[in-house]
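Chemist: Below are the structure tokens for one structure; questions will follow.
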Amino acid sequence: MEFLFELLIAFFLIVSGIFGFVGSFGMIKLKDPMSRLHAPTKATTLGVGGVLLASICHSVLVEGRLSMHELLITLFLFLTAPITALFIAKWHIHRHEKPENLPDAGEDGLWATHAVEQMEDVPDHSKN
Numbered sequence: 100m101e102f103l104f105e106l107l108i109a110f111f112l113i114v115s116g117i118f119g120f121v122g123s124f125g126m127i128k129l130k131d132p133m134s135r136l137h138a139p140t141k142a143t144t145l146g147v148g149g150v151l152l153a154s155i156c157h158s159v160l161v162e163g164r165l166s167m168h169e170l171l172i173t174l175f176l177f178l179t180a181p182i183t184a185l186f187i188a189k190w191h192i193h194r195h196e197k198p199e200n201l202p203d204a205g206e207d208g209l210w211a212t213h214a215v216e217q218m219e220d221v222p223d224h225s226k227n
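Residue 100 is where the sequence shown starts when you use our numbering, and the numbers rise one by one after that.
Take a look at the structure:
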């Protein structure tokens, strides 16, 4: 029975290694930042998730105890990866896209990242 547990743990580690490799390779090979955005947030997150699953399986099946560290790391990872992707995407839109080049915003009429209007009453101190 222990051999089956080791096979399961090895399977999670191999699959996570493949996802990590694909995510890293995509980060290097994809040309623009919006394409590169998917490599670390999708594949690499699944790679780290596989390592955490292997660690959870090892602690439960081999050592006979449940460690909360892996569960907390998994929660942190799956909460922060989408937020990081959102920040990278918004940065790219602000730096490289003009409002007229963006697709139609639908019923809103304007993309939220470009909805900031210049305030005429407030002096601009960024030029100092």
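All C-beta atoms, glycine included, are put in the ideal place defined by N, C-alpha and C. Fair warning: this is a prediction, and the values are worked out from it, not measured in the lab.
As a quick exercise: from Leu165, Pro198 and Met133, pick the residue whose alpha carbon is nearest that of Phe186.
Modeler: Taking only the C-alpha atoms, the option nearest Phe186 is Met133.
Chemist: Which value, in whole angstroms, describes the spacing of the CA atoms of Leu174 and Thr144?
Modeler: So the two alpha carbons sit approximately 12 Å from each other.
Chemist: When DSSP labels each residue in this structure, what does Glu219 get in the three-state scheme?
Modeler: Interpretation of Glu219 is limited by its pLDDT of 49, a score under 50 that renders its predicted location unreliable; the figure taken from the coordinates is listed afterwards. In the structure shown, Glu219 sits in coil (DSSP, three-state: anything other than H, G, I, E or B).
Chemist: Could you tell me which whole alpha helix (DSSP H) segments of length 4 or greater appear in the region 160 to 211?
Modeler: For the region 160 to 211, whole alpha helix (DSSP H) runs of length 4 or above, ordered along the chain, are 167 to 195.
Chemist: In this structure, how does DSSP classify Met100 when only helix, strand and coil are distinguished?
Modeler: Reduced to three states, the DSSP call for Met100 is coil.
Chemist: For Lys130, name the three-state secondary structure that DSSP assigns.
Modeler: Here Lys130 sits in coil by DSSP.
Chemist: Around the Cβ of Leu151, are there at least 16 other Cβ atoms within 10 angstroms (buried) or fewer (exposed)?
Modeler: Burial call: buried.
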